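Please read the structure below before turning to the comments.
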Amino acid sequence: MDNIEYLDNFEMALLQKLIGMCRSYDKLNNIFPSSEDIDQYWKGIAPEYLADAVQLVSDYPVVSVAWAAYLGMAVAHGWDSDWSRYSAMKYTDFYGSRGFDDMDEHIVADILNMPLGSSQAAHLEDMMRRCGELTVQLIRQEQIEPQSVMAYHIFVRAARAMYRLGAAMELERMGYKMQPLNIGQGLPS
């Protein structure tokens, strides 16, 4: 198995476990909502996010991956409300008043409009922490040499999975329901 296949398998297995955890919090149903626009946006901001997050891996490993989910939620919210404005935003526009350190609080309060002391925000924070802990645990189970090239690639995949998870959660929170298309049914012959 080559590295790409290994990384793809790791990311898909991680995402499946994260989805299962979110279902236990009633944050996701059976179909994972997504958008190509939101996925493409990640490609543009990922290098800056990863540069911030990698610096925190050793001291704050859960934060380093969990903030990607908050970022995914913010981007999905913007996709729904004003994509022309949000798609032009720079990564640093999602920073809080203390930069990366309080990005989560800024996104929750100022973008998602959840009061920080509310039960809804506390529930979200608990779920994000648990998803981050699960992600870190699964990364560690891979027993990859720390600070190696492969460790970086696993981290990149984990951050992308968390971003996609956050986006899916926000799409579902806003009422998006992804349904399979029955192409060919009901079409004139």
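Counting from 51, one number per residue, gives the positions in the sequence shown under the working numbering. Yeah, the Cβ is synthetic: ideal placement off N, Cα and C, and Gly gets one too. Since the model is a prediction, treat every value here as computed from it, not as a measurement.
Return the chain-ordered list of same chain residues with a C-beta closer than 6 Å to the C-beta of residue i, the five sequence neighbours on each side being excluded.
{"i": "K77", "result": "M219"}
{"i": "P83", "result": "A218, L221, E222, Y226, M228"}
{"i": "V113", "result": "L106"}
{"i": "L188", "result": "L64"}
{"i": "G236", "result": "Only weak support exists for where G236 lies, its pLDDT of 45 falling under 50; the value from the coordinates is given anyway. Cβ neighbours of G236 beyond the five flanking positions: none."}
{"i": "Y75", "result": "M177"}
{"i": "E98", "result": "Y141"}
{"i": "I161", "result": "A124, H127"}
{"i": "P111", "result": "V186"}
{"i": "M224", "result": "D130"}
{"i": "Y136", "result": "G128"}
Give every residue of the same chain whose Cβ lies closer than 8 Å to the Cβ of residue i, excluding the five residues on either side of it in the sequence, and list them in chain order.
{"i": "M164", "result": "V158, Q170, A171, L174"}
{"i": "M139", "result": "G128"}
{"i": "S147", "result": "H156"}
{"i": "I204", "result": "L57, F60, I189, E192, I194"}
{"i": "N53", "result": "M200, H203"}
{"i": "S85", "result": "A126, W129, A217, L221"}
{"i": "D109", "result": "none"}
{"i": "W133", "result": "D87"}
Leaving out the 5 sequence neighbours to the left and right, which residues in its chain are closer than 7 Å to residue i when beta-carbon positions are compared?
{"i": "L184", "result": "K67, L68, M71"}
{"i": "D102", "result": "F150"}
{"i": "A201", "result": "I194, E195"}
{"i": "A208", "result": "L64, V115, T185, I189"}
{"i": "V206", "result": "L100"}
{"i": "L166", "result": "E155, V158, A159"}
According to DSSP, residue i sits in a beta bridge with which residue or residues?
{"i": "G149", "result": "G146"}
Thinking residue i and residue j are a contact (beta carbons under 8 Å), I'd like their distance in whole angstroms, please.
{"i": "G122", "j": "G216", "result": "3 Å"}
{"i": "V104", "j": "M212", "result": "That belief does not hold up - the Cβ atoms of V104 and M212 are roughly 14 Å apart, past 8 Å."}
{"i": "S156", "j": "Y141", "result": "Here residue 156 turns out to be His, not Ser, going by the sequence shown. That belief does not hold up - the Cβ atoms of H156 and Y141 are roughly 13 Å apart, past 8 Å."}
{"i": "D87", "j": "Y120", "result": "In fact, because the Cβ distance is near 18 Å, the residues do not count as touching under 8 Å."}
{"i": "D89", "j": "R214", "result": "7 Å"}
Checklist entry - Can you find at least 3 beta carbon pairs, one from the region 92-99 and one from the region 127-134, that sit closer than 8 Å? => result With the cut-off at 8 Å, the region 92-99 and the region 127-134 do not touch.
Item to check | Segments assigned alpha helix (DSSP H), at least 4 residues, entirely inside the region 55-104 | outcome: Runs found: 86-104.
Item to check | Start-end ranges of the alpha helix (DSSP H) lying completely within the region 152-203, minimum 4 residues | outcome: DSSP runs (the alpha helix (DSSP H)) wholly in the region 152-203: 153-156, 169-191.
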